[in-house]
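Here's the structure, in structure tokens; my notes come after.
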Amino acid sequence: MPLPTVAIVGRPNVGKSSILNRLARRRVSIVDPTPGVTRDRVAVVIDLEPPLDEPGGDDIGPRMLELVDTGGWGIYTTEAGRFDDAGKDLASLRSDIERQITTAMEQAAIILFVVDAQAGLMPLDDIVADLLRRNGLEDRVICIANKTDSDSWEAHAMEAAGFGLGVPMCFSAKNGYGAGDLTDAIWRRLGEVGAPPETNPEMKLAIVGKRNAGKSTLINALAGEERCIVSDIAGTTRDSLDVRFEMKDRSFLAIDTAGLRKRKSFAGDIDYYAYHRMLQSIRRADVVCFLVDAVDPISKVDQKLAQELQRQFKPTVIVVNKWDKVDDAHAEPQDFLDYLTRELRGLDFAPIVFTSALESQGLEEVVAMAFNLYEQAGHRESTGRINSIIEGILKKRGPSSRLGTQAKLLFASQVDEHPPTIAMVVNQPKLFRGRYERYLMNRLREELPFSEVPIRLIFSRRKRIDLQDLKEGKHLD
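See below:
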């Protein structure tokens with residue numbers, strides 16, 4: 006069963022993203038004074054402890070919920086104004102953002118309607134409050150007067166009572182003022198709607214690629230609804246969005262990320278934050294779907310992203326999106342496979358799936374391949390087999406040395422998974438690094454069940470046992 010959702014709504018610049026980050030106890034949503042930074046629904050699963058004065062609270066325990074940050078209700082702009090760097094009118098995103106907000110409110114068990122205690126009430130606050138009333142959602146609303154940084158602002162916060170949506174709760178996302186009262190109120194309200202038990206997803210799947218490669222379209226096709234805003238305006242997605250899925254009795258968490266662009270093309274702090282949020286998403290993912298555009302040539306940005314995936318040893322599915330738009334006369338998959346192998350060096354072992362997210366073609370194959378890689382990366386091989394295979398590889402072709410030093414393997418073992426990590430104790434580690442390391446890795450993929458995932462190799466020299474350590478028994482550690 007899905008978790009109950011708590012949606013945060015309000016006009017721009019009332020601090021919705023800061024509230025999400027405060028309640029989640031970590032930075033999830035990008036916070037910036039520019040109106041319209043949040044566009045999609047940014048979600049995070051959190052648990053709330055019972056109030057200290059709740060009878061039997063310890064027996065009930067924490068309640069889990071999905072907290073959803075929405076875009077600000079109003080006209081969208083950027084730091085540079087109404088138009089993006091390609092001259093496209095960003096006001097065209099307004100209907101998409103507002104549709105996302107409306108969907109979030111309708112699906113939410115609790116709605117946190119946020120106003121600004123310091124700036125005071127504004128016409129856009131009236132519009133959001135009227136929207137809640139017209140849709141009959143008053144009984145789900147908790148009104149929050151954010152930026153009530155101390156009790157001196159509480160009188161200003163009470164102005165929001167005039168909306169008829171209950172007495173506003175005084176809160177400050179900045180310093181945590183009133184945080185205990187707010188979380189207690191949400192916890193108790195969740196008890197009224199019920200909170201089903203949460204099941205952890207099996208796999209975290211990050212979806213990455215350059216701008217306009219179709220990442221958000223892929224998420225929406227998987228979800229069967231407009232979960233992310235899709236637009237021909239480059240860079241529509243800023244935050245990394247977590248969307249939970251269940252397909253064929255398997256569950257996974259898909260992470261939609263901001264499209265990568267050249268760093269010299271960053272249009273202010275927001276692009277910088279989005280870029281680093283994307284890198285964080287790759288780090289926490291188990292598997293990565295690397296979207297490339299079948300219509301556009303592989304770019305420097307694609308190649309840089311491929312290098313980052315190799316650096317982080319991430320199992321990768323290369324998803325060739327928009328394959329339906331390729332001219333039939335040139336739509337030869339094998340030719341494209343050869344092209345990708347040349348252009349995305351170092352990812353030649355990664356499986357490739359041809360899809361059309363817009364037409365919902367190839368999606369099941371993408372998910373099935375991602376789970377396949379997840380299982381490969383989680384496999385643990387026996388020490389005896391690893392030693393036997395590596396010794397066989399060395400006998401057939403060992404690393405060469407100008408000084409005639411013979412490379413010797415003393416011991417090898419798999420010490421970790423996700424990614425598969427093999428530690429090798431050898432006589433001369435420098436003989437194994439570089440070109441021979443790549444050769445050894447390719448041979449290991451042929452012999453071990455890691456044919457499509459990165460393998461991390463660690464070379465170390467056998468340590469000499471100090472006489473004093475021997476006496477103290479430290480060699481037994």
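End of the sequence shown = 482 in this note's numbering, gap-free, step of one.
Glycine residues also receive a C-beta, built at the ideal position from the N, C-alpha and C atoms.
Where residue i and residue j are concerned, what is the direct C-alpha to C-alpha distance, given to the nearest angstrom?
| i | j | result |
| --- | --- | --- |
| Asp247 | Leu352 | 26 angstroms |
| Phe455 | Ser418 | 15 angstroms |
| Leu462 | Ile260 | 28 angstroms |
| Ile132 | Thr10 | 23 angstroms |
| Ala134 | Thr222 | 31 angstroms |
| Ala48 | Val146 | 18 angstroms |
| Gly240 | Ala124 | Here the model assigns Gly240 a pLDDT of 37, short of 50, so the residue's position is not dependable and the matter cannot be decided. |
| Gly185 | Gly66 | 16 angstroms |
| Thr43 | Asn392 | Note on Thr43: pLDDT 41, under 50, position unreliable in the model; no value is reported. |
| Leu8 | Leu258 | 14 angstroms |
| Ala355 | Asp130 | 50 angstroms |
| Leu481 | Val431 | Because the pLDDT at Leu481 is just 42, under 50, the model does not fix this residue reliably, and the point stays unresolved. |
| Arg383 | Gln433 | Here residue 383 turns out to be Gly, not Arg, going by the sequence shown. Rounded to whole angstroms, Gly383 to Gln433 spans 29 angstroms at the Cα level. |
| Asp74 | Thr188 | 16 angstroms |
| Tyr444 | Gln339 | 25 angstroms |
| Ala228 | Gln315 | 29 angstroms |
| Arg282 | Thr262 | 8 angstroms |
| Asn151 | Trp328 | 47 angstroms |
| Leu95 | Arg216 | Residue placement at Leu95 is poorly supported in this model, since its pLDDT is 47, which falls under 50; the coordinates still yield a value, given next. Near 16 angstroms, if we compare the C-alpha coordinates of Arg216 and Leu95. |
| Asp343 | Phe359 | 14 angstroms |
| Gly20 | Arg104 | 20 angstroms |
| Ile287 | Asn18 | 29 angstroms |
| Glu380 | Leu28 | 34 angstroms |
| Phe318 | Asn180 | 38 angstroms |
| Val325 | Leu142 | 43 angstroms |
| Arg68 | Pro56 | 11 angstroms |
| Arg390 | Glu451 | 14 angstroms |
| Thr153 | Met374 | 49 angstroms |
| Val331 | Ala218 | 14 angstroms |
| Arg30 | Thr410 | 55 angstroms |
| Arg350 | Ser387 | 30 angstroms |
Just list the residues that DSSP pairs residue i with in beta bridges.
| i | result |
| --- | --- |
| Arg466 | Val431 |
| Asp421 | Thr426 |
| Gly439 | For Gly439, which the question treats as bridged, DSSP gives no partner whatsoever. |
| Ala12 | Val73, Ile116 |
| Val366 | Here the sequence assigns Gln to residue 366, which means Val is not the residue at that position. Its beta-bridge partners are Ser361. |
| Val371 | Per DSSP, none; premise fails for Val371. |
| Asp121 | Asn151 |
| Thr321 | Val293 |
| Met283 | Answer is none; Met283 lacks a bridge partner. |
| Phe416 | Val430 |
| Ser393 | Ser393 pairs with nothing; no bridge assigned. |
| Ala166 | BP columns for Ala166 are empty, so no partner. |
| Asn326 | Asp298 |
| Arg139 | DSSP output for Arg139 lists no bridge partner at all. |
| Glu251 | Ser256 |
Rank the options by C-alpha distance to the C-alpha of residue i and give the top, closest one.
| i | options | result |
| --- | --- | --- |
| Tyr182 | Glu159, Tyr441, Glu197 | Glu159 |
| Val297 | Lys220, Pro404, Arg440 | Lys220 |
| Arg138 | Glu364, Gly169, Ser157, Ala124 | Gly169 |
| Tyr441 | Glu452, Glu457, Phe464 | Phe464 |
| Asn140 | Ile116, Leu415, Asp154 | Ile116 |
| Asp254 | Glu386, Asp329, Phe376, Arg390 | Phe376 |
| Pro60 | Arg193, His161, Met69 | Arg193 |
| Glu348 | Asp332, Ile323, Asp329, Phe359 | Ile323 |
| Pro483 | Val420, Met374, Arg438, Gln381 | The structure shown does not extend to residue 483, since the chain is modelled only from 6 through 482, so no value can be given for it. |
| Asp156 | Glu143, Phe176, Asp144 | Phe176 |
| Arg385 | Glu370, Lys401, Arg402, Val420 | Val420 |
| Val306 | Arg350, Leu25, Gly214, Asp332 | Gly214 |
Are the beta-carbon atoms belonging to residue i and residue j less than 9 angstroms from one another?
| i | j | result |
| --- | --- | --- |
| Ile149 | Pro173 | yes |
| Ile357 | Leu345 | yes |
| Leu284 | Leu195 | no |
| Pro302 | Pro459 | no |
| Val372 | Met252 | yes |
| Ser23 | Ala178 | yes |
| Ala165 | Val120 | yes |
| Phe250 | Ala299 | no |
| Arg448 | Leu415 | no |
| Leu378 | Ala412 | no |
| Ala114 | Ala162 | no |
| Gly171 | Leu126 | no |
| Ile51 | Leu72 | yes |
Do three or more CB pairs link the stretch 103–122 to the stretch 12–31 at distances below 8 angstroms?
Contact holds: three or more Cβ-Cβ distances are below 8 angstroms.
Any 3 or more C-beta pairs closer than 8 angstroms across the stretch 207–220 and the stretch 288–297
Two segments are said to touch when three or more pairs of C-beta atoms, one from each, lie closer than 8 angstroms; by this definition the stretch 207–220 touches the stretch 288–297.
If you pair each beta-carbon of the stretch 358–367 with each one of the stretch 419–432, do three or more pairs fall below 8 angstroms?
The stretch 358–367 is not in contact with the stretch 419–432.
With a threshold of 8 angstroms, are at least 3 pairs of Cβ atoms found where one atom belongs to the stretch 385–403 and the other to the stretch 304–317?
Flag = no, the stretch 385–403 and the stretch 304–317 do not touch.
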